[in-house]
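Novice: Quick one: the structure is below, and I'll ask about it shortly.
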Amino acid sequence: MGIEIKSFAVIRGDNPDKVNVALHDLEHYGHMRFASKPKRIEPNFADNLLVSVAGVPLRAKCNSAALVELDNNAGAAISKLRKIHPPAHVVIVSPRHDVYTELMDKSELYPEFERTWEPQHHNDTF
Numbered sequence: 008m009g010i011e012i013k014s015f016a017v018i019r020g021d022n023p024d025k026v027n028v029a030l031h032d033l034e035h036y037g038h039m040r041f042a043s044k045p046k047r048i049e050p051n052f053a054d055n056l057l058v059s060v061a062g063v064p065l066r067a068k069c070n071s072a073a074l075v076e077l078d079n080n081a082g083a084a085i086s087k088l089r090k091i092h093p094p095a096h097v098v099i100v101s102p103r104h105d106v107y108t109e110l111m112d113k114s115e116l117y118p119e120f121e122r123t124w125e126p127q128h129h130n131d132t133f
């Protein structure tokens, strides 16, 4: 049995509500386990993380962002993420990314992301 290496999810959105919905979707529809409470990070930092991890130029800046440590390895998290469609951009950061160590060292220093959004229950059937 190997050691499961954790990963981070960086959630970038137009506003805090979309980031909250995306966090909810990761947990409930993506069945991802959070190893810590989501943290609020500066939108510019999240934009820079995207460029660093994805290696592509930024197409649009975000206005709200969160970081959460996952109890899933990066491969499992990416696989689960592909099956859901959160309303915010989610980037998975693994130990192979240069910024991973910085996130491990500093993630506890960031303030907690305010999760005030409550999921709306609809009577729609799919």
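Counting from 1, position 120 in the sequence shown corresponds to residue 127 in this note's numbering; the numbering is continuous, with no gaps.
Quick reminder that beta carbons are idealized off the backbone N, C-alpha and C, glycines included.
Given the structure is predicted, the values throughout are model-derived calculations rather than measurements.
#1: For Val-26, collect the residues of the same chain with a Cβ closer than 8 Å to its Cβ; drop the 5 residues on either side in sequence, then sort them by chain order.
#2: Just the C-alpha distance for Met-111 and Lys-87, rounded to the nearest angstrom, thanks.
#3: Are the CB atoms of Phe-15 and Val-100 nearer to each other than 8 Å?
#4: Report buried or exposed for Asp-156, applying the criterion of at least 16 other Cβ atoms within 10 angstroms of its Cβ.
Specialist: So, to answer that:
#1: Excluding five sequence positions before and after Val-26, the CB atoms of its chain that fall closer than 8 Å to its own CB belong to Ile-18, Arg-19, Gly-20, Ser-71, Ala-72, Ala-73, Ala-95 and Phe-120, given in chain order.
#2: Answer to the nearest angstrom: the Cα atoms are 22 Å apart.
#3: Contact check for Phe-15 against Val-100 passes: the beta carbons are separated by less than 8 Å.
#4: Lying outside 8 to 133, the shown extent of the chain, residue 156 is not represented and no answer is given.
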